Structures are given as structure tokens and as C-alpha cells.
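Colleague: Residue numbering for the sequence shown follows full-length UniProt numbering, starting at 1 and increasing by one per position. All residues carry an ideal CB built from backbone N, CA and C; glycine is no exception. All of these numbers come straight from a predicted model, not from anything done at the bench.
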Amino acid sequence: MSEPTDQPVSVPPSAPARHRRWGRILRYWARGIWHGIDLDWFPGRRLFRRPPKSTFAADARAGINVALLAFPQSIAFSLIAGVPALMGLISSAVGATVGPFFSGTRFVVLGPTNATAILLLTGLAASGLPAEQRMLALPLFVLMVGFFLVVGALARASMLINYISRSVITGYITAAAALIFVNQFQNILGFRTTGGSTFLGILQETIRLLPQTHWPELVMAAATLALSQALSRWAPKIPSIVATLVLTGLVGLGFKYIDWHIAYLETFRLTNFRFFPGIFDFQLVGNLAAPALALAFVSILEGSSIGKTVASRAGHRFVVNQEMYAMGMANLATAACGGMNASGSLTRSVLNDMSGARSPLANVISGLVVLVLLFCVGPLIKFIPKAALAVLVMGIACSLINRRNLLLALRTTRSDTIVFVVTFVSSLLFTIDAAIYLGAFTSIMLFLKKAGNPELVEYNFNPEGQLAELPTPNRRNVPGISILHAEGDLFFGSTEIFTQQIREVIRDPSIKVVILRLKNARNLDATAAIAIEEFHDFLKKSKRQLLISGAGREITRVLRNSGFIDRLGEENFFREVPANPTLSTRDALKRATQVLGRRDAEIRIFVDQARKKKESDD
Numbered sequence: 001m002s003e004p005t006d007q008p009v010s011v012p013p014s015a016p017a018r019h020r021r022w023g024r025i026l027r028y029w030a031r032g033i034w035h036g037i038d039l040d041w042f043p044g045r046r047l048f049r050r051p052p053k054s055t056f057a058a059d060a061r062a063g064i065n066v067a068l069l070a071f072p073q074s075i076a077f078s079l080i081a082g083v084p085a086l087m088g089l090i091s092s093a094v095g096a097t098v099g100p101f102f103s104g105t106r107f108v109v110l111g112p113t114n115a116t117a118i119l120l121l122t123g124l125a126a127s128g129l130p131a132e133q134r135m136l137a138l139p140l141f142v143l144m145v146g147f148f149l150v151v152g153a154l155a156r157a158s159m160l161i162n163y164i165s166r167s168v169i170t171g172y173i174t175a176a177a178a179l180i181f182v183n184q185f186q187n188i189l190g191f192r193t194t195g196g197s198t199f200l201g202i203l204q205e206t207i208r209l210l211p212q213t214h215w216p217e218l219v220m221a222a223a224t225l226a227l228s229q230a231l232s233r234w235a236p237k238i239p240s241i242v243a244t245l246v247l248t249g250l251v252g253l254g255f256k257y258i259d260w261h262i263a264y265l266e267t268f269r270l271t272n273f274r275f276f277p278g279i280f281d282f283q284l285v286g287n288l289a290a291p292a293l294a295l296a297f298v299s300i301l302e303g304s305s306i307g308k309t310v311a312s313r314a315g316h317r318f319v320v321n322q323e324m325y326a327m328g329m330a331n332l333a334t335a336a337c338g339g340m341n342a343s344g345s346l347t348r349s350v351l352n353d354m355s356g357a358r359s360p361l362a363n364v365i366s367g368l369v370v371l372v373l374l375f376c377v378g379p380l381i382k383f384i385p386k387a388a389l390a391v392l393v394m395g396i397a398c399s400l401i402n403r404r405n406l407l408l409a410l411r412t413t414r415s416d417t418i419v420f421v422v423t424f425v426s427s428l429l430f431t432i433d434a435a436i437y438l439g440a441f442t443s444i445m446l447f448l449k450k451a452g453n454p455e456l457v458e459y460n461f462n463p464e465g466q467l468a469e470l471p472t473p474n475r476r477n478v479p480g481i482s483i484l485h486a487e488g489d490l491f492f493g494s495t496e497i498f499t500q501q502i503r504e505v506i507r508d509p510s511i512k513v514v515i516l517r518l519k520n521a522r523n524l525d526a527t528a529a530i531a532i533e534e535f536h537d538f539l540k541k542s543k544r545q546l547l548i549s550g551a552g553r554e555i556t557r558v559l560r561n562s563g564f565i566d567r568l569g570e571e572n573f574f575r576e577v578p579a580n581p582t583l584s585t586r587d588a589l590k591r592a593t594q595v596l597g598r599r600d601a602e603i604r605i606f607v608d609q610a611r612k613k614k615e616s617d618d
């Protein structure tokens with residue numbers, strides 16, 4: 001039997017110790033994520049304070065004005081989306097009521113919009129369900145839109161919209177107007193298309209079904225157009241949409257007396273309310289994911305554009321991320337009530353501002369008034385002819401096309417033209433959501449192409465001691481030393497160009513030391529760090545030396561974490577000195593002369609005369 005020894009035995013950490021270690025790591029990351037979320041979870045708590053009488057009166061007046069516009073618009077947008085009018089009205093009522101409690105501002109009135117209604121139509125068509133069952137998937141679809149918006153707000157994804165060209169939205173809205181227009185021919189001509197959800201598919205199906213035209217519907221459409229034009233010309237102060245719908249409803253009653261049958265909107269029933277998704281399965285979620293993400297993307301683009309415009313008029317700052325969060329919560333609420341998706345409405349938001357809204361209470365009042373109208377006037381929508389509403393929707397579609405924005409997208413820059421054409425043509429050939437992704441991808445690629453062009457210039461100290469661009473490579477003050485000044489973004493998209501530029505400069509075999517000045521370089525990442533390291537190895541193989549100067553705190557951190565500074569050597573790495581921008585390059589030049597074994601090089605450094613005078617006075 002062996003004697004026990006006094007040798008220490010390494011004992012692996014116990015399971016509780018490992019758990020505590022992982023717990024500390026998870027808590028560290030959780031705290032970082034939590035502190036990175038810049039949201040006010042419920043700014044609506046301020047709405048419960050008693051408002052002054054003057055403020056409440058102004059908000060009530062603005063809310064009623066917006067509600068009177070929202071009611072007919074919601075009916076029209078529901079026709080665009082191919083859903084019952086009730087669902088558009090629910091979206092308008094719930095979205096406008098819930099949104100302000102999570103945004104805390106009055107700048108964006110939420111509800112159905114024409115730009116997003118067409119995405120809802122194509123998204124439901126992508127569900128793979130028969131036409132009669134698509135309404136059951138609507139709550140799930142809107143729920144997913146709300147989920148994407150809330151998650152995007154938590155991840156601060158609203159910053160990404162700064163990299164999306166406005167030409168993407170211009171191309172999408174122009175194509176959406178064309179799709180809305182051609183999709184309403186079925187309601188005007190009295191038949192039902194069952195073709196695809198693309199512009200060409202709907203157009204082809206419409207042409208095929210032309211022999212089945214129902215003439216009473218066409219007569220109603222012509223009467224609606226005549227009434228609408230007459231009201232706009234001779235009674236411009238009367239709300240033309242409401243008046244036209246009322247008059248065409250009376251014309252429809254006259255059609256019944258001559259035995260002309262036309263289609264009307266579905267009647268309102270309390271049993272149509274759905275407080276939970278009608279159907280749910282993972283295959284359906286997969287089919288709806290891409291359209292829901294595209295709809296969330298367009299919603300925040302639309303809402304941020306409107307909010308910034310209205311907020312700037314009032315001299316206030318608009319927080320896009322907070323509005324994204326509010327829009328997501330509003331969509332979750334409308335999904336629970338079985339309504340359409342809610343986005344920012346330009347016309348209703350501007351009307352709210354022009355009507356003198358003073359607080360988010362105006363938005364809440366508009367939603368509540370729509371809800372009252374829904375129960376009081378809702379049953380009367382069964383008297384609205386579909387053909388009449390289709391004509392009004394076509395007019396709304398035409399108003400979507402902004403001629404000025406269209407010309408700007410086509411004439412301003414080549415990149416804007418490419419993005420617009422790609423988005424517009426893709427919207428006609430493919431589904432709308434696919435076109436948005438293609439347009440956004442093209443926009444980002446063109447942006448990266450511009451950002452990925454770093455400028456690399458060879459510098460030298462001039463006789464005055466200032467760093468200046470070297471006019472001729474053969475006229476260096478210190479032969480064999482090249483100072484390369486890198487300026488711009490050095491990230492994965494620009495690394496290849498950066499490497500090519502460096503190799504072009506150092507083709508001169510007389511260069512023995514390269515000073516890479518990184519003072520104005522930005523956004524250095526792992527790919528750029530690897531490229532600099534490979535450049536160092538390339539110089540080392542040819543018995544040449546690389547020196548780094550002007551490296552700021554962030555660049556130093558990246559290069560240290562990558563291990564490059566250890567390979568280069570601390571003596572060859574010179575950090576930026578904020579008090580004197582050229583000091584690090586002077587020190588690097590001293591080091592370069594030491595590497596070359598030269599002692600006769602005269603090195604001078606420029607010092608700001610105002611700073612020098614101040615230091616001497618001290």
C-alpha cells in the first residue's frame with residue numbers, strides 16, 4: 001500500500017463554481033444589453049395628468065377632425081388590402097389610441113395607410129392559404145409585424161434606416177400606386193381575379209376576365225367619377241370622399257328599383273371581432289415572416305419620415321427608436337383585436353398638427369371617436385358600393401405619385417437612379433416585399449462602394465515643418481522613408497482597395513521604411529487589422545519596416561486586441577497626441593531614421609503659434 005504524499009493535487013473547479021462563473025458572465029452581458037436599451041417603456045403615464053382646459057379643448061378639436069378623415073380613409077385602405085372594412089376601422093381606432101401611450105408624442109397618428117395596405121394584400125397572398133381563409137391569418141400576420149418592430153426597437157435597429165436611400169421608398173410607393181390602381185379594376189368591372197400578387201399577374205388576369213365585365217358596376221364607377229369631380233370643382237369645402245360615398249349609396253338604392261345588382265361592402269357585425277390569432281402553425285409563420293419583416297420595415301420608414309417632418313415644424317426632436325417601439329405595441333394591440341396593421345399616416349398626422357393638437361391626448365381622442373363612429377355608423381357601410389369606393393381608391397393611388405421626388409430620384413445621382421429603377425421594376429415583376437429587399441440591398445451596396453474608397457496619400461514634412469502632400473515621390477526629404485496618410489473608413493468593404501493602394505505606393509524598391517499614418521482613419525475592423533498585419537509581413541519579408549503613427553484610442557484598441565501591436569513592437573507604434581496632431585508622425589520619422597542608420601536627417605514639427613504663445617505666457 002503506497003504512502004500518501006504531500007504533493008499538491010490540481011482539483012478542477014466544482015460545478016457550483018462553474019455555475020457562478022457563468023452566472024457572472026451572463027449578468028455582465030445582461031447589464032450591458034439593458035443599459036444599451038434607450039427606451040421609455042411607458043411615457044403615456046403623463047397622459048393621466050389633468051390637462052389644462054385650453055389644451056384639452058384644442059386636443060379635442062384636433063382629434064375630432066382627424067377621426068372624421070380617418071373613418072372614410074380606413075374603409076378605403078381596407079379595400080386596397082382586400083380585407084373587410086371593419087378591420088381597417090379597428091386599426092384606425094386601436095392604433096391611434098394605443099400608440100401615444102408608448103410614444104409620448106403627438107407627431108404621428110397611427111392607423112392603416114395606403115402604402116402599407118398593398119403590402120398587407122401581397123403578404124396575405126403569400127400565406128399559401130385559400131382566399132376564403134386568408135382573413136384567419138391576418139391577426140397572426142399583424143402580430144408578427146408588431147413583434148419585429150418591438151424587437152427592432154430593443155436592438156436600436158432604427159439607426160439602419162439612415163443607410164437606406166430615399167429612392168427605395170420613392171420606387172416602392174410609385175410601384176405600389178400602379179399595383180393599387182390595377183388591382184381595383186376587378187371591383188369596377190364586377191369580377192374577382194384569382195391570379196398572382198404581382199403587378200403583371202394581376203394585369204394578365206384582369207385582361208383575361210374582361211369578357212365577364214358586369215355593366216352595372218361600370219356604370220356605378222362612371223357615376224362616382226362624375227360626382228367626385230363635380231364636388232371637387234363646385235363644392236371644395238365639403239369633404240369629397242364622405243359626400244361621394246353618401247351620394248353613390250343613394251344611387252345604389254336607385255339601381256335596386258331597376259333591378260341592377262351591384263356588390264356592396266360587407267356589413268358590420270360584433271361577431272367579426274377576433275381577440276386571438278385565428279390560426280397558427282409554424283409553416284404559416286415561415287410563409288409570413290418575409291412579408292411581415294418588409295411591412296415592419298416600410299412602416300418605420302414611413303413613420304420616421306412623417307414624424308421628423310411634423311416635429312421639425314414644432315421645433316421638437318423626434319426619437320425614431322421610441323416611435324418604432326410605440327408602433328410595435330400598437331400593432332400588437334390591433335392584432336389582438338383582429339385589425340389591419342397600423343403605420344404612420346401622413347395626411348392624418350399633418351391634419352392633427354394643423355388642427356392645433358397640443359399633446360398626445362389628441363391622438364387618443366381621434367381613436368376613441370373612430371371607435372364611437374364604428375359602433376354608431378359602422379352598420380351603414382353595407383350601403384357603400386364597392387365600385388364607388390374603388391374609384392376613390394384609384395384617385396388616392398394617383399395622389400401617391402410625387403412628381404418632384406420622382407424627378408429627384410431619376411436626375412440627382414447615378415446611385416439614386418439605379419436604386420429607384422431596381423426597386424420600381426422589381427415591384428412590378430416580383431412581390432412587393434421582395435422588391436423592397438432588393439432595393440434596400442442595392443442601396444446598401446452602393447453606399448458601401450462609396451464608403452469603401454479610403455484615400456491614401458503620400459505625405460512629407462515641408463520646409464515649414466508642416467505635413468503636406470508629397471508632390472513627387474522622388475523628392476522625399478529623407479530618401480527611403482515614405483509617409484502614407486490613410487483617410488476614410490477602413491472596414492471589410494474597403495480593405496481590398498486599401499491594400500491595392502498601399503502596394504502601388506511601395507512598388508518603389510528604394511523605400512525601406514513605411515510610416516502608415518492612421519490619424520483620420522475610421523471604423524477599423526478585424527478585416528482591416530488583418531490587412532495591415534499582412535502588409536507588415538510583406539514588408540518584413542523584403543527586409544523593410546512598417547511604423548504606425550497617429551493611432552487614436554479606438555484604433556489602438558482594435559490593433560492591440562488583434563495582437564498586431566505585439567508583433568509590430570511597441571517601439572514601432574506611435575499613438576496620437578491630441579495636443580499636437582503631427583507629434584506622433586515626427587517621432588515615427590525619428591524612429592525611421594534610426595532604422596536606416598541615418599543621423600543627419602533634420603526633423604522639424606509644426607506647432608500652432610496661438611498654442612505656443614499661450615504656453616509661453618503661462
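Return the first residue and the last residue of the beta strand (DSSP E) that Val-514 is part of.
Modeller: Val-514 -> beta strand (DSSP E) spans 513–522.
Colleague: May I ask which residues mark the beginning and end of the alpha helix (DSSP H) holding Asp-525?
Modeller: Here Asp-525 belongs to no alpha helix (DSSP H), and DSSP marks it neither H nor E.
Colleague: Going by the CB atoms, is the gap between Phe-535 and Ile-511 shorter than 8 Å?
Modeller: Taking 8 Å as the Cβ cut-off, Ile-511 and Phe-535 do not qualify as a contacting pair.
Colleague: Compute the Euclidean distance between the alpha carbons of Gly-395 and Asn-162, then round it to the nearest angstrom.
Modeller: Those two C-alpha atoms are separated by around 31 Å.
Colleague: Write down the C-beta distance between Asn-405 and Thr-116 rounded to the nearest angstrom, noting that I regard them as a contact closer than 8 Å.
Modeller: Actually they are not in contact, since the Cβ atoms of Asn-405 and Thr-116 sit about 18 Å apart, beyond 8 Å.
Colleague: The alpha helix (DSSP H) that contains Ile-555, what's its start and end?
Modeller: Note, Ile-555: alpha helix (DSSP H), 553–561.
Colleague: Given that a residue counts as buried once 16 or more other Cβ atoms are within 10 Å of its Cβ, and exposed if not, what is Phe-420?
Modeller: Phe-420 should be labelled buried.
Colleague: What's the C-alpha gap between Leu-288 and Ala-294?
Modeller: Each residue's Cα considered, the two are about 10 Å apart.
Colleague: Mind checking whether Gly-63 and Ser-74 have CB atoms under 8 Å apart?
Modeller: No, the Cβ-Cβ distance between Gly-63 and Ser-74 is not below 8 Å.
Colleague: Under 8 Å Cβ to Cβ from Lys-382, same chain only, skipping five residues before and after it: list those, please.
Modeller: Once the five neighbours on either side are set aside, the close Cβ partners of Lys-382 are Tyr-264, Leu-265, Glu-266, Thr-267, Phe-268.
Colleague: When you compare each of Thr-194, Thr-244, Ile-118, Ser-158 to Val-391 by their alpha carbons, which one comes out closest?
Modeller: Among Thr-194, Thr-244, Ile-118, Ser-158, the Cα nearest to that of Val-391 belongs to Thr-244.
Colleague: Taking C-beta to C-beta, are Leu-428 and Phe-185 nearer than 8 Å?
Modeller: No, Cβ-Cβ distance for Leu-428 and Phe-185 is not below 8 Å.
Colleague: Three or more C-beta pairs closer than 8 Å, one from the stretch 480–487 and one from the stretch 514–526: is that the case here?
Modeller: Flag = yes, the stretch 480–487 and the stretch 514–526 touch.
Colleague: Could you check what DSSP says for Leu-547 in three-state terms: helix, strand or coil?
Modeller: Correct three-state label for Leu-547: strand.
Colleague: With DSSP as the reference, identify every bridge partner of Phe-573, one or two as the case may be.
Modeller: In DSSP, Phe-573 forms a bridge with Ile-548.
Colleague: Which same chain residues end up closer than 7 Å to Ser-2 when comparing Cβ atoms and leaving out the 5 residues on each side of it in sequence?
Modeller: Summary for Ser-2: the model assigns pLDDT 47, below 50, so the residue's position carries little reliability, and this model does not support an answer.
Colleague: Just the C-alpha distance for Val-310 and Arg-358, rounded to the nearest angstrom, thanks.
Modeller: Approximately 13 Å between the Cα atoms of the pair.
Colleague: At the level of alpha carbons, what is the spacing between Ile-300 and Ile-548?
Modeller: Approximately 43 Å, taken between the alpha carbons.
Colleague: Is Ile-118 near Leu-179, with beta carbons less than 8 Å apart?
Modeller: The answer is yes: Cβ separation under 8 Å.
Colleague: So what's residue 665 in DSSP terms, helix, strand or just coil?
Modeller: Here the chain covers residues 1 to 618 and nothing more, so residue 665 does not appear.
Colleague: Do you know offhand how far Thr-105's Cα is from Phe-441's?
Modeller: Taking the straight line from one Cα to the other gives about 32 Å.
Colleague: Can you give me the start and stop residues for the beta strand (DSSP E) that Glu-266 sits inside?
Modeller: Counting along the chain, Glu-266 falls outside any beta strand (DSSP E), and DSSP gives it neither H nor E.
Colleague: Give me, in chain order, the residues of the same chain whose beta-carbon lies closer than 8 Å to that of Lys-614; leave out the 5 immediate sequence neighbours on both sides.
Modeller: With a pLDDT of only 42 at Lys-614, under the threshold of 50, the placement of this residue in the model should not be trusted, and no figure is reported.
Colleague: With a 10 Å radius around its C-beta and 16 neighbouring C-beta atoms as the bar for buried, classify Leu-253 as buried or exposed.
Modeller: By the neighbour-count rule (16 or more Cβ atoms within 10 Å), Leu-253 is not buried but exposed.
Colleague: Counting C-beta neighbours from all protein chains within 10 Å, is the total for Ala-70 16 or more, i.e. buried, or is it exposed?
Modeller: So Ala-70 counts as buried.
Colleague: Do Gly-378 and Val-94 have their CB atoms nearer than 8 Å?
Modeller: The answer is no: Cβ separation not under 8 Å.
Colleague: Does the distance from the CB of Ser-426 to the CB of Ala-434 come in under 8 Å?
Modeller: Contact flag set, yes.
Colleague: Give me the residue from Arg-134, Gly-344, Leu-209 with the minimum Cα distance to Ser-92.
Modeller: Nearest option by C-alpha distance: Gly-344.
Colleague: Within 10 angstroms of its Cβ, does Ala-610 collect 16 or more other Cβ (buried), or is it exposed?
Modeller: In this predicted model, Ala-610 has a pLDDT of only 36, less than 50, meaning its place in the structure is not dependable; the value taken from the coordinates is given anyway. Its Cβ having fewer than 16 others within 10 Å, Ala-610 is exposed.
Colleague: Ordered along the chain, which non-local residues of its own chain (more than five positions away) have a Cβ less than 7 Å from that of Phe-424?
Modeller: Once the five neighbours on either side are set aside, the close Cβ partners of Phe-424 are Gly-171, Thr-174, Ala-175.
Colleague: From the DSSP output, in three-state form, read off Ser-359 for me.
Modeller: Looking at Ser-359 - three-state DSSP - the assignment turns out to be coil, as it is neither helix nor strand.
Colleague: What span of residues does the alpha helix (DSSP H) with Gly-171 cover, start to end?
Modeller: Here the alpha helix (DSSP H) through Gly-171 covers 166–183.
Colleague: Three or more C-beta pairs closer than 8 Å, one from the stretch 355–375 and one from the stretch 314–326: is that the case here?
Modeller: Short answer: they don't touch.
Colleague: Over what stretch of residues does the beta strand (DSSP E) that includes Ser-427 continue unbroken?
Modeller: It is not in any beta strand (DSSP E) - Ser-427 instead sits in the alpha helix (DSSP H) that spans 414–429.
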